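Residue numbers (our numbering), protein chains in the order written: chain Z, 322 to 752; chain W, 322 to 752; chain D, 322 to 752; chain X, 322 to 752.
Number of protein chains: 4
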Amino acid sequence: EHGEDEVTVLERQLTLAGLGGTTPEFEFAQNMTVFPQAKHDVLGLDGLLTAEEREVRDRVRAFAEKEIAPVIYPFWERAEFPFELVPGFQRLGIGGGTVKGYGCQGLSMLACAMAGIELARVDGSCSTFYLVHTFLATLTIGLLGSEEQKQELLPGLGNFKTVGCWALTEPSNGSDASALTTTARRVQGGWVLNGRKRWIGNAPWCDVAVIWARNQESSAVNAFIVRCKENPGYSAKKMENKIALRCVQNGDITLKECFVPDSDRIPGVTGFGDTNKVLALSRVMVAWQPVGLAMGAYDMAARYLSQRQQFGAPLASFQLMQEKLQRMLSTVQAMWLMAWRLTKLCEAGTMTHEQASLCKAWTTLRGREVVALGRELLGGNGILAEFLVAKHFCDLEAYFSYEGTYEINALVAGRGATGISAIKPPRRGAV
Amino acid sequence: EHGEDEVTVLERQLTLAGLGGTTPEFEFAQNMTVFPQAKHDVLGLDGLLTAEEREVRDRVRAFAEKEIAPVIYPFWERAEFPFELVPGFQRLGIGGGTVKGYGCQGLSMLACAMAGIELARVDGSCSTFYLVHTFLATLTIGLLGSEEQKQELLPGLGNFKTVGCWALTEPSNGSDASALTTTARRVQGGWVLNGRKRWIGNAPWCDVAVIWARNQESSAVNAFIVRCKENPGYSAKKMENKIALRCVQNGDITLKECFVPDSDRIPGVTGFGDTNKVLALSRVMVAWQPVGLAMGAYDMAARYLSQRQQFGAPLASFQLMQEKLQRMLSTVQAMWLMAWRLTKLCEAGTMTHEQASLCKAWTTLRGREVVALGRELLGGNGILAEFLVAKHFCDLEAYFSYEGTYEINALVAGRGATGISAIKPPRRGAV
Amino acid sequence: EHGEDEVTVLERQLTLAGLGGTTPEFEFAQNMTVFPQAKHDVLGLDGLLTAEEREVRDRVRAFAEKEIAPVIYPFWERAEFPFELVPGFQRLGIGGGTVKGYGCQGLSMLACAMAGIELARVDGSCSTFYLVHTFLATLTIGLLGSEEQKQELLPGLGNFKTVGCWALTEPSNGSDASALTTTARRVQGGWVLNGRKRWIGNAPWCDVAVIWARNQESSAVNAFIVRCKENPGYSAKKMENKIALRCVQNGDITLKECFVPDSDRIPGVTGFGDTNKVLALSRVMVAWQPVGLAMGAYDMAARYLSQRQQFGAPLASFQLMQEKLQRMLSTVQAMWLMAWRLTKLCEAGTMTHEQASLCKAWTTLRGREVVALGRELLGGNGILAEFLVAKHFCDLEAYFSYEGTYEINALVAGRGATGISAIKPPRRGAV
Amino acid sequence: EHGEDEVTVLERQLTLAGLGGTTPEFEFAQNMTVFPQAKHDVLGLDGLLTAEEREVRDRVRAFAEKEIAPVIYPFWERAEFPFELVPGFQRLGIGGGTVKGYGCQGLSMLACAMAGIELARVDGSCSTFYLVHTFLATLTIGLLGSEEQKQELLPGLGNFKTVGCWALTEPSNGSDASALTTTARRVQGGWVLNGRKRWIGNAPWCDVAVIWARNQESSAVNAFIVRCKENPGYSAKKMENKIALRCVQNGDITLKECFVPDSDRIPGVTGFGDTNKVLALSRVMVAWQPVGLAMGAYDMAARYLSQRQQFGAPLASFQLMQEKLQRMLSTVQAMWLMAWRLTKLCEAGTMTHEQASLCKAWTTLRGREVVALGRELLGGNGILAEFLVAKHFCDLEAYFSYEGTYEINALVAGRGATGISAIKPPRRGAV
Ligand SMILES: Cc1cc2nc3c(=O)[nH]c(=O)nc-3n(C[C@H](O)[C@H](O)[C@H](O)COP(=O)(O)OP(=O)(O)OC[C@H]3O[C@@H](n4cnc5c(N)ncnc54)[C@H](O)[C@@H]3O)c2cc1C
Ligand SMILES: Cc1cc2nc3c(=O)[nH]c(=O)nc-3n(C[C@H](O)[C@H](O)[C@H](O)COP(=O)(O)OP(=O)(O)OC[C@H]3O[C@@H](n4cnc5c(N)ncnc54)[C@H](O)[C@@H]3O)c2cc1C
Ligand SMILES: Cc1cc2nc3c(=O)[nH]c(=O)nc-3n(C[C@H](O)[C@H](O)[C@H](O)COP(=O)(O)OP(=O)(O)OC[C@H]3O[C@@H](n4cnc5c(N)ncnc54)[C@H](O)[C@@H]3O)c2cc1C
Ligand SMILES: Cc1cc2nc3c(=O)[nH]c(=O)nc-3n(C[C@H](O)[C@H](O)[C@H](O)COP(=O)(O)OP(=O)(O)OC[C@H]3O[C@@H](n4cnc5c(N)ncnc54)[C@H](O)[C@@H]3O)c2cc1C
């Protein structure tokens, strides 16, 4: 009398096993290697895309589901970068992001966002790899580089033959980035950089680094291109023990009398305002990343609940499961719309920092809710990376804290709302 | 050394007093009688409206800010309907909602939504009065009534000369509405209704009631028009002690051998499916209502925090205030977008019940967060209805529980997501 | 096939009606006039009380359930003080709180807390009336008054024949109370007070007011006893439009050349430190109040869910209902334990401000969760004051914001945890 | 003008470096290898312990801080069991838990709880290792084993020379454990077990397994002792890719014609009721585990915020940081008290399943909030296992889902509150 008879159970197991993605240890639900169908768009959000954007979306989705999904979680477990996927990225045709010309695709922001979320839906690390390389390193050169720098570097960056990193954060300066302490000293024919950088994605293995440093003469913030593999003044140590975005290789960089020729100073950068120009654009992409994670977590949870049974019924039958599942679903819709609206403003050229911060803070906040729900819906299997939600649950934390922590973005948005900056510490004095 | 000197404080008080909306008891911030400027649209959501929709929006906003705001809270306090505002509604040109012809405005759904949220931004009760009258009573007749019924009733309903109510819920049947027990007995020349209804908005004073009852012959659900003021079989007792939507007069209706002529049976209704057709449309409007409350709560909180000072600085300077304020703001954007998307689907004719339930559940859930934040940002004054947020804090609870409670809508949405209904009680048996 | 047959429904209605607390409009569940049994103690918390404390608890519970519950909600609806209950308070034997001698009961803190929560369980206003009168007004005199003041006033205060208020907050100074601006000017034979007070509970009708004012000579904070009914310099206007604690009459006080004889200056007060001594003790009681509301909300929700049926089963059968109900229950246990521990430290004489603030901030935060859950569990009836949870939902907001708002208490607790005060506004300067 | 001058920064760095626990890559705050001081008890909870319990607490704290903390996170990163710590466990004197005699310590439940949380404060895996071994495997034998089984096995189990696992969960039966499908077939001289188990902690390397199986004759649930290393019918595959409790080795067990002699059937077990007896006790310990994680997360966050500076001030100065820190702190107090009360009931012999479930559900729910707050307070470093909070953030998820998921425990508690079981799936039928 325990719900269904044994035959049915066995039949179901065999069917699922036939679809792939199950193991002899657990044949009751498929894991992420056979990626769940996209069921997360229930408000026809698709309809807000152009045909081209849809095409990019479909292309990247196919790559992510078919090439990333079957192989990625062991890399994540071992905290290794999946170099074997790079050729796929090279073929994918999303390189260079919005940068036009020089072999770059010149996609719309929304098309890039579609690429970003489809990667994130399957794997946050791959999405962040794309983001750091494209929307930080490549974009800085595309936006602020000299004509020579563009001609030399963009083609390679645009097709992932050359990979870049972007180094702003320092051990002593995270949230307070604009007070950075790495120095650039004017010397004959160039500049000498000294200082340390921390958390720099791709740094341990990439080809070129965009380094932000304080010009000792002007004390303004400048940017420099460092050829990582050739420059003895550059070294980068891989950061270990991360719980999030484990495939991304973050580096602690040491710059020790690191010489950069004049031609590798990025001429468009004259102060931290230029850093911010890049950050504003990349922040749009970061605002999208939790949307991708949330989409993936929903798709997986929806499939899992329909496959897994307990007490003689699919988990999907239980009220407590349904309320959470639909909360994930509704929140995904709202997150998507929020990031979409931001992107439209960005494309229209009217977007402000405050808008970007407002949306990034919010999508990370709500994204956290969605992936946590997904995690718990899967019970024990919800803590196994191969069932996706565990991986997404961890990865979301990085989004919450990078490109400005939740608090910093909230305070930037709060400044926008109030006209008052509250970022500084409180005044001294008794109360 | 406590921040600012007395002169400044005095000056500020005088300035605020000059702007109106302060009292001799508290001149440090304006209350709702002088309504705060609309600052809640920071993502250019305005740009998603047509010119006509914007015009409706502006028209209703002006009415709400200038005619409702200065007078409403004492009505709310006394739990009275503001009859003096009815002429304003008559002039407003939003009557009849989407119904076309017969003196109705035939507005787009989005235009109606703009009307609904602009009313709700200032007063939830006025918005619900509009909703019940227009999107339940008038709409039922417009959609399912006979030509004669339309010709007779729509002109008056469309300009608020006749006011309607819509009676589905019963004491014994709230969430389980489709199992309603009020009966309609076939008699010579018409029908006799017997039963009770509960929670019916406008019932204690309105002109016509749409009554849902079970046809004793077919046992299908039918609908009938009852002329409240003339029919001795109809009586309605005002419900007291509400904490939410206090200006709306909800009634406990008794139908005692209530005769309805054949001409007042609504011919388009042949079963509960027709009830649901109306509910689906009105649910779109209900999904918007929390957006309106949230917008108003934000606008008030933003102004209050900039006017009120403590510890020598505007409250807007404090981190804890800014984080909450921007959380309200971001959530408002997302709520608006969510309801907007639903409305677009509705206008396109593709909207499902599941979509409407998903969005309604979500906007009420998040709306609750926003108004609670607004309430706490104002400190003690946050519990006074004249500072708006207290009123909105209470009113939101009605939205959370009507037109399907949060749970029921979540389970409808969950059914959409899973293909399984979980609304029924659990099976019996030990565990 | 809709669950149960009509006979059973009817039987159930009749049974409930026989128990009282139902109305002809809704016989499917009892309202608060017949108060639900206490079911909220499921961890034997009772066992942590002494016999005497249990006795006080039982005595006050009986009074609250039998005398307050049947009559209170119409007072709340009309925002009137229930003067007819005062004789009951006089007989109750809880007057004077912890004050010893002079006709006061000299109860233990925990016994007082039991009184406070049993009142709050049924009605927050009654609990606050007790609190303001006893733990602010009476306590200040008991702790810091002269022998003559004690002998004259305590007997009357201790048996509720004389009722007191306690006036610290000002229109310009809420959270920043210690910067108060009401002045006390030395004159022949006494003092002259000038200034305004806001939010003062009982002020519109009580007999004696404890007024905090700044000594113009020393600029220290002093306290004075004002005989409200006899002193022409004192006037108090009732604050209207409150959504919370509607039976408590809060007053906006004006002190205009208000003369106080030397004998009515409270000699034990020499600075704001003394204000804080009283506040620390009353804050323990305020930390308990949400516990009382939460207990009552739980008891009501538990009974309601067992009586009300939908879809052919008691609401108590549904998973979504059970999860919320048990969340209320567990949170009640934790809140009780937290307040109990604080009280024990207080009784031991080692309690710090930081401890009191930590606990008060937390019980109000979690209390808000509990009453909101209770509110939603009752559906539509959850917005009617007669079903208790609506009233508690509103009243909790006052606790969240008075005796230090959530933020101020959190920052005091934060100061305790970090050794750094963050109450001041941020430093100026660009970021 | 960026807050403080370079000298101070350097001095601070040197001081911190001198204290240990910093790296050349980040000298601005100490990591978990030098464990932060215990600051989490701010309500004198210590005072609720007996001297003996305090002694156990101090002993285990010293072990955890000095022996586990400096070495554990690389094991966690590599998902390896820290075998080198076993001798420490052997010396620790907490073996056998509450079991009396046979070389076991016969500690009070509260003493065991103190051991459990002090381990969890530093490392969840070590705490779970202790739990599974002691409060599942050892306890089952101590409680339900034969005299011979006790004499043979308890001494070794009691001093960690023999390590045990406890196998109830199956691939097909997680939440629905009582419907387990592993079979025990009566044969000459013993029993033959067939089936699979999943998630079994210690299974891949331990010495003895307690296996729960269905007696094919009686169809009652029985329990058997399997000598893992000698029995060819037993095999266990380590589960990979866990995000939580990564040092615990969970196994997928296969039982294939696994013969167990009569002497290894546990005679005290005659049905699932006996399984539940053990689970009730171990659930008390599981209810404590999140308390330990939360304590550790608080201690680390408090230290980190005081050491790390941004914008010229310790992070501890910022309001947004303080509010979260104190919320962690208050919640820790409440969690501790809740688990303590449960333990007292357990010691008194009156504890019910419903009570244990209520508390376990709540401490895991709130524990999740605390570790998430800790995680975010540390910014980027909050995702590195060496800063503790990341590890705790992940580990908490296991507690949320094991020993009954949150939902199952909530429904057991809900059954206690309502008298109705809601665990079964909903009835079929349209709504
Ligand atoms: C996975 C990952 C990848 C990254 N990749 C890159 C990269 O490629 N390139 C790069 O340059 N950087 C990168 N970063 C760094 C990232 O930008 C920083 O981590 C981030 O800016 C936060 O700085 P922090 O970690 O030093 O935290 P901190 O600044 O030390 O913040 C710690 C805590 O203090 C709070 N806080 C700080 N200041 C305030 C304030 N004024 N008021 C209130 N609260 C405050 C924060 O919100 C946070 O909770 C990466 C980080 C991560 C985690
Ligand atoms: C201010 C206001 C105005 C209204 N105006 C109108 C009106 O004009 N016309 C009209 O016809 N009606 C009106 N209503 C009625 C409204 O539609 C009902 O209140 C609503 O449908 C809920 O019914 P109920 O109040 O009987 O709650 P119940 O159905 O008794 O629900 C009580 C609780 O049980 C839960 N619950 C019920 N069934 C399930 C289930 N299967 N699974 C899990 N949980 C469940 C609910 O979610 C809720 O939390 C109004 C209500 C309010 C509050
Ligand atoms: C029902 C009720 C009864 C009361 N009874 C009495 C009484 O009997 N006697 C009496 O003397 N008083 C009484 N009070 C007053 C009460 O103590 C004050 O309301 C309270 O101190 C808050 O002050 P405020 O309302 O002016 O809010 P404000 O101080 O203006 O606070 C508004 C908002 O700003 C926030 N805020 C303020 N300062 C800071 C800061 N530094 N950092 C971050 N956020 C900040 C607050 O947290 C709040 O969210 C009562 C209040 C209420 C509501
Ligand atoms: C780290 C770890 C260590 C463990 N160690 C052991 C061990 O040593 N020995 C051992 O025997 N077991 C162990 N377990 C197993 C643990 O007891 C199970 O994971 C747990 O009982 C949940 O079962 P499941 O994972 O199969 O989830 P499922 O039962 O599949 O649950 C999946 C989801 O469905 C929900 N759900 C299930 N039934 C219902 C219902 N009726 N109504 C509503 N929702 C429902 C759950 O709450 C959950 O959200 C361990 C698990 C973990 C994660």
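Backbone N, C-alpha and C fix where the C-beta goes; we use that ideal spot for every residue, glycine too.
Since the structure is predicted, the reported quantities are computational estimates derived from the model, not experimental observations.
To which residues does DSSP link residue i through a beta bridge?
| i | result |
| --- | --- |
| Val529 of chain Z | Z:Gly485 and Z:Arg548 |
| Phe347 of chain X | X:Thr344 |
| Asn571 of chain D | D:Gly522 |
| Trp512 of chain D | D:Arg507 and D:Val581 |
| Cys425 of chain X | X:Gly422 |
Indicate the three-state DSSP secondary structure (helix, strand or coil) for residue i in the structure shown.
| i | result |
| --- | --- |
| Thr652 of chain W | helix |
| Arg517 of chain W | strand |
| Asn783 of chain W | Past the boundaries of the shown model lies residue 783 of chain W; chain W is included only from 322 to 752, so the question cannot be answered. |
| Asn352 of chain D | coil |
| Arg748 of chain W | coil |
| Arg380 of chain W | helix |
| Pro395 of chain Z | helix |
| Leu732 of chain Z | helix |
| Thr673 of chain X | coil |
I'd like the list of long-range same chain contacts for residue i, defined as Cβ closer than 7 angstroms, with 5 residues on each side in sequence excluded.
| i | result |
| --- | --- |
| Arg519 of chain Z | Thr490, Glu491, Pro492 and Asp573 |
| Ala682 of chain D | Tyr727, Asn730, Ala731 and Ala734 |
| Gln509 of chain D | none |
Consider the C-beta atom of residue i and the heavy atoms of ligand 3; say whether any pair is separated by less than 6 angstroms.
| i | result |
| --- | --- |
| Gly511 of chain Z | no |
| Gln628 of chain D | no |
Less than 6 angstroms separating the Cβ of residue i from some heavy atom of ligand 2?
| i | result |
| --- | --- |
| Phe410 of chain D | no |
| Ala719 of chain W | yes |
| Gln570 of chain W | no |
Can you name, in chain order, every residue of its own chain whose Cβ lies under 8 angstroms from the Cβ of residue i, other than the five neighbours on each side?
| i | result |
| --- | --- |
| Glu538 of chain D | Arg507 |
Output needed for residue i: all residues of its chain with C-beta closer than 6 angstroms, excluding positions within five of it in sequence on either side, in chain order.
| i | result |
| --- | --- |
| Tyr720 of chain Z | Gln610, Pro611 and Thr685 |
| Leu335 of chain W | none |
| Asn702 of chain X | Phe708 |
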